[in-house]
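In this note's numbering, the protein residues as written are 37 to 231.
Don't be surprised by glycine CBs; every beta carbon is placed ideally from N, CA and C.
In this text the structure is predicted, and so the values were computed from the model without any measurement.
A short worksheet on the structure shown next.
See below:
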């Protein structure tokens with residue numbers, strides 16, 4: 037891959053992976069409810085799913101959206117419905133109890149295929165930063181590597197942020213306010229999908 041392209045890819049990956057969105061809000065929520073170590077399972081799943089999505093996009097899956105725009109609308113509808121359901125579950129959650137568990141790594145990975153922000157990241161990254169011809173696969177693999185790095189770094193930071201917020205959540209009322217705020221932010225991500 038052309039070294040000059042690494043800077044723009046890194047900037048895009050940092051912005052795409054680090055800004056608030058469904059994945060990061062789930063990581064912050066998991067960090068606050070279950071702690072840092074438990075949220076790492078979710079982070080692993082998110083990163084495996086995102087890498088799979090990037091790879092499938094590089095293999096040409098992203099072209100399906102260009103060929104069949106209705107498929108993109110269906111993904112937006114399904115993703116929006118799932119995000120709203122997740123937002124409701126987060127908003128209605130009470131203080132964590134000992135038997136409660138975070139999303140599994142498998143759920144985090146599968147979530148990427150319903151997460152419209154992940155699709156937009158994958159399609160934009162592969163279409164915008166890969167090179168033509170014999171340089172296609174080396175550049176595509178470089179994009180995957182850059183996204184893996186920045187996704188892991190920013191994902192850890194969001195989980196740690198959630199863990200730090202937990203210190204301020206001492207009462208059931210504190211948890212209710214926090215969970216409702218996280219649910220509202222997750223629901224607000226739906227607006228990003230449609231604009």
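Neighbour-count burial assignment, residue i, 16 or more Cβ in a 10 Å radius
i, result
"residue 69", "buried"
"residue 128", "exposed"
"residue 73", "exposed"
"residue 169", "exposed"
"residue 75", "buried"
"residue 40", "exposed"
"residue 178", "buried"
"residue 155", "buried"
"residue 232", "Residue 232 is absent from the structure shown; the chain starts at 37 and stops at 231."
"residue 176", "buried"
"residue 161", "buried"
"residue 3", "What the structure shows of the chain is the stretch from 37 to 231, and residue 3 is not part of that stretch, so it cannot be assessed."
Spatial neighbours of residue i in its chain, beta-carbon cut-off 7 Å, leaving aside the 5 residues before and after
i, result
"residue 115", "150, 151, 152, 229"
"residue 232", "No answer is possible for residue 232: it lies beyond the span of the chain, which begins at 37 and ends at 231."
Cβ shell of residue i (< 8 Å), same chain only, five flanking positions each side left out
i, result
"residue 103", "none"
"residue 79", "63, 144, 188, 191, 192, 195"
"residue 141", "77, 78, 80, 81, 84"
"residue 185", "49"
Range of the contiguous alpha helix (DSSP H) that encloses residue i
i, result
"residue 69", "58–70"
"residue 41", "39–54"
Whole-number beta carbon distance between residue j and residue i, since they are thought to touch under 8 Å
i, j, result
"residue 122", "residue 55", "Their Cβ separation, rounded to whole angstroms, is 18 Å, which puts residue 122 and residue 55 out of contact at 8 Å."
"residue 199", "residue 126", "So it is not a contact: roughly 16 Å between Cβ atoms."
"residue 211", "residue 131", "4 Å"
"residue 93", "residue 159", "6 Å"
"residue 139", "residue 52", "No, residue 139 and residue 52 are not in contact; Cβ-Cβ is about 21 Å, not under 8 Å."
"residue 10", "residue 225", "Absent from the model: residue 10. The displayed extent of the chain is 37 to 231, so no value can be given."
"residue 45", "residue 182", "5 Å"
"residue 180", "residue 42", "That pair is no contact at about 13 Å."
Nonlocal neighbours in the same chain, by C-beta distance under 6 Å from residue i, ignoring five residues either side
i, result
"residue 148", "85, 86, 89, 154"
"residue 67", "75, 195, 198, 199"
"residue 214", "205"
Restricting to runs no shorter than 4 residues, where is the alpha helix (DSSP H) found entirely within the segment 112–174?
Within the segment 112–174, the complete alpha helix (DSSP H) runs of at least 4 residues are 141–147, 152–165.
At 4 residues or longer, what runs of the alpha helix (DSSP H) sit wholly inside the segment 81–106?
As far as the segment 81–106 is concerned, its whole alpha helix (DSSP H) runs of at least 4 residues are 99–103.
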